[in-house]
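When the letters of the sequence shown are read in order and numbered with numbering that gives the first Met the number 0, they come out as residues 0 to 278. These notes are about the structure you will find just below.
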Amino acid sequence: MTATVVPVTVSDIDAIAEYLVATGDSLRSPQQWKDALRWASDSSPPNLGFQLRRDDGIVAGVFLATYGDTRDGHTVCHLGSWHVQEPYRLQSLLLFRALLAQDVDVFTDYSPFPQVRPINRRFGFDDMDTRALSIWNLRPPALRRGVRIITDPERIAATLRGRDARVFRDHQGIPGIAQLVVVDGAKTSHIVHRASPGRLSRARLLHVSDIPVFRASLSRVLWHVLLRHRSLFTVAELRTIGGPVPWARAAPSVPRQFKSAHVPESELDELYSPLIWAR
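Structure representation (structure tokens):
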């Protein structure tokens, strides 16, 4: 039986979720997949990826995607789960080509499997610099006048403007995701991080909107993460925080790849990507 490449739309969410649990990803329940896909659809993307649909309407494969933008306004397509049933494996690359044919400034693959990395390189993807630090949070903060940390959602919404306000709204309420704002005089930095479950865990920084403001209050932010989330360490990629931290040590890096003709990887972060829903 033949299968055709078609976009994944909102109406396909239930079928795609059931397919992934049954044949591709048993780490999430159908409801968790549905929640993640509905979140991805809230920003009115062109699609949620592409799928192979058999003539009888059954899903035979899928390559998910989420869409966002960079702080400089470049459009981003984040590649997600890719699974095709065995009889249709020869059509796997048709899904990949359909995604890459879109008019997008940059494509990312933040969790490529080892066997996928050479395929990505063949299609023009480059390896990203994912050097990361593990930063000790138990360091007394340097108190500076005029600096505040805001965590109340209503106050954050009233403080942020433009893209920062939209990013806050789009990522509010996602399990495990925490947001705060550093206010330094008239300047603000919106910070998104994830705290691992359990006592004395470690946090991971996903996004920093204004790196200089963040770094000027770094110890205060880390102290807040320690007290609020009981995280002894914060893990962050150098790209996210703008460089090294004197009291930090190197953390294991993870392979990531991207493809763009003109967008530097320094613009990229994990916002709107499938990693936002990683548990």
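Cβ atoms here follow ideal geometry from the backbone N, Cα and C, with glycine treated the same way. Computed from a predicted structure; not experimentally measured.
query: Element boundaries [beta strand (DSSP E), containing SER218]; result: Note, SER218: premise wrong, no beta strand (DSSP E); alpha helix (DSSP H) at 217-228.
query: C-alpha gap between GLN256 and MET127, whole angstroms; result: 5 angstroms
query: Meets three-Cβ-pair contact criterion under 8 angstroms: the stretch 84-100 and the stretch 46-62; result: yes
query: C-alpha distance - ASP54 paired with TYR87, whole-angstrom precision; result: 13 angstroms
query: Neighbourhood of ALA14 by C-beta, 8 angstroms cutoff - its chain only, sequence neighbours within 5 removed; result: VAL58
query: C-alpha gap between LEU217 and LYS33, whole angstroms; result: 36 angstroms
query: Beta-carbon proximity of HIS280 to ILE173, cut-off 7 angstroms; result: Residue 280 lies beyond the range of the chain shown here (0 to 278); nothing can be said about it.
query: Within 7 angstroms, strictly: CB atoms of THR239 and LEU270; result: no
query: First through last residue of the beta strand (DSSP E) which encompasses ILE190; result: 186-194
query: Closest residue to LEU231 among ALA202, SER40, VAL180 and ILE210 (Cα-Cα distance); result: ALA202
query: Alpha-carbon to alpha-carbon, LEU26 and SER43; result: 27 angstroms
query: Three-state secondary structure assigned by DSSP to GLU236; result: strand
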